[in-house]
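In this note's numbering, the protein residues as written are 262 to 483.
All residues carry an ideal CB built from backbone N, CA and C; glycine is no exception.
Here the structure comes first, spelled out in structure tokens, and everything after it is commentary.
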């Protein structure tokens with residue numbers, strides 16, 4: 262029996278499907294995601310802005326521009342440890358940026374236009390010889406009309422690693438938006454948990470956050 266050309270075309274098509282289980286083959290020339298290209302942390306959208314306006318000399322204690330403005334005063338303090346969580350890590354830069362008391366990353370006149378999307382409530386601390394740091398700021402508000410919990414973004418720059426990388430955002434355990442958000446998108450625990458347990462001293466809220474360098478960070482050197 263003579264088979265038609267269309268039959269052979271159909272046979273070749275079905276064979277190709279079976280050979281790759283119905284999945285398209287990946288082109289060998291297609292670049293892999295950045296996480297697989299050796300970038301410590303797998304890349305970080307916005308972390309590069311930490312270098313804009315970075316002071317030449319960074320202290321272990323910083324007071325944000327919002328400290329004297331409206332909002333709940335907040336002190337975040339803690340220790341940064343080397344991978345393993347036992348040895349304190351000195352000279353580690355923590356860059357933070359956050360919303361204001363109304364939930365906006367508000368720019369101010371005169372700030373570098375490249376950093377405007379992080380707003381004016383941003384700053385840096387560098388851990389001291391004991392790996393300790395402290396940030397005096399105000400508690401951020403959630404984004405208006407959003408279900409994302411209030412948070413403070415954080416990025417890390419270690420002295421002996423070329424790439425900056427992000428760690429879990431600082432969030433607040435008394436925020437009613439936190440648990441529903443975590444049920445949908447569980448935290449990555451990059452650098453440890455960013456969940457802050459807030460204590461109150463007069464009109465100041467105090468929270469501790471210890472950070473472990475390299476914990477759950479892709480491509481981190483062992």
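*With residue 465 as the anchor, note down where its beta strand (DSSP E) starts and where it stops.*
Per DSSP, residue 465 belongs to the beta strand (DSSP E) from 465-469.
*Alpha carbon to alpha carbon, how far is residue 472 from residue 422?*
One C-alpha to the other measures close to 16 Å.
*What separation, rounded to the nearest whole angstrom, lies between the Cα atoms of residue 393 and residue 340?*
Their Cα atoms are separated by approximately 4 Å.
_Suppose only complete runs of 3+ residues qualify. What are the beta strand (DSSP E) ranges in the segment 342-366, listed by chain order?_
The DSSP assignment places 354-359 as complete runs of the beta strand (DSSP E) inside the segment 342-366, in order along the chain (cut-off: 3 residues).
*Note down, in chain order, each residue of its chain lying with its Cβ closer than 7 Å to the Cβ of residue 388, except the 5 sequence neighbours on either side.*
Hits under 7 Å: 321, 341, 350, 351, 352, 353 and 394.
*Pull up the distance between the alpha-carbon of residue 369 and that of residue 382, whole angstroms please.*
For residue 369 and residue 382, the distance between alpha carbons rounds to 10 Å.
*Quick one: measure Cβ to Cβ for residue 435 and residue 408, integer angstroms, because I've assumed they're closer than 8 Å.*
Approximately 17 Å separates the beta-carbon atoms of residue 435 and residue 408; this is outside 8 Å, ruling out the contact.
*For residue 460, the residue or residues it bridges with in DSSP*: Answer is 467, bridged to residue 460.
*Return the residue from the list 454, 463, 479 and 311 that minimises the CA-CA distance to residue 346.*
Of the candidates 454, 463, 479 and 311, the residue whose Cα lies closest to the Cα of residue 346 is 454.
*Roughly how many angstroms lie between the CA atoms of residue 310 and residue 376, to the nearest whole one?*
Residue 310 and residue 376: Cα-Cα distance of roughly 6 Å.
*In three-state terms, what does DSSP make of residue 335?*
DSSP places residue 335 in strand when its eight states are reduced to three.
_Residue nearest to residue 362 in terms of C-alpha spacing, selected from 418, 338, 299 and 400_ = Nearest of 418, 338, 299 and 400 to residue 362, Cα basis: 400.
*Cβ atoms of residue 379 and residue 366: under 9 Å apart, would you say?*
In this structure, residue 379 lies closer than 9 Å to residue 366 by Cβ.
*Rank 428, 306 and 463 by C-alpha distance to the C-alpha of residue 334 and give the top, closest one.*
For residue 334, the nearest C-alpha among the options comes from 463.
*Taking residue 442 as part of the alpha helix (DSSP H), name the residues at either end of that continuous run.*
439-445 is the extent of the alpha helix (DSSP H) around residue 442.
*Taking DSSP as the reference, what is the three-state secondary structure of residue 412?*
Residue 412 falls in the coil class under three-state DSSP.
*Could you give the distance in angstroms between the alpha-carbon of residue 439 and the alpha-carbon of residue 313?*
Pairing residue 439 with residue 313, the inter-Cα distance amounts to about 31 Å.
*asked:* Counting C-beta neighbours from all protein chains within 10 Å, is the total for residue 385 16 or more, i.e. buried, or is it exposed?
replied: Burial is judged here by how many other beta carbons sit within 10 angstroms of a residue's own beta carbon; residue 385 has at least 16 and is buried.
*Taking the alpha-carbon positions, what's the residue 329 to residue 337 distance?*
Those two C-alpha atoms are separated by around 16 Å.
_Integer Cβ distance of residue 357 from residue 413, believed to fall under 8 Å_ = Sure, about 5 Å apart at Cβ, within 8 Å.
_N-terminal and C-terminal residue of the beta strand (DSSP E) that residue 395 is part of_ = Counting along the chain, the beta strand (DSSP E) containing residue 395 begins and ends at 393-399.
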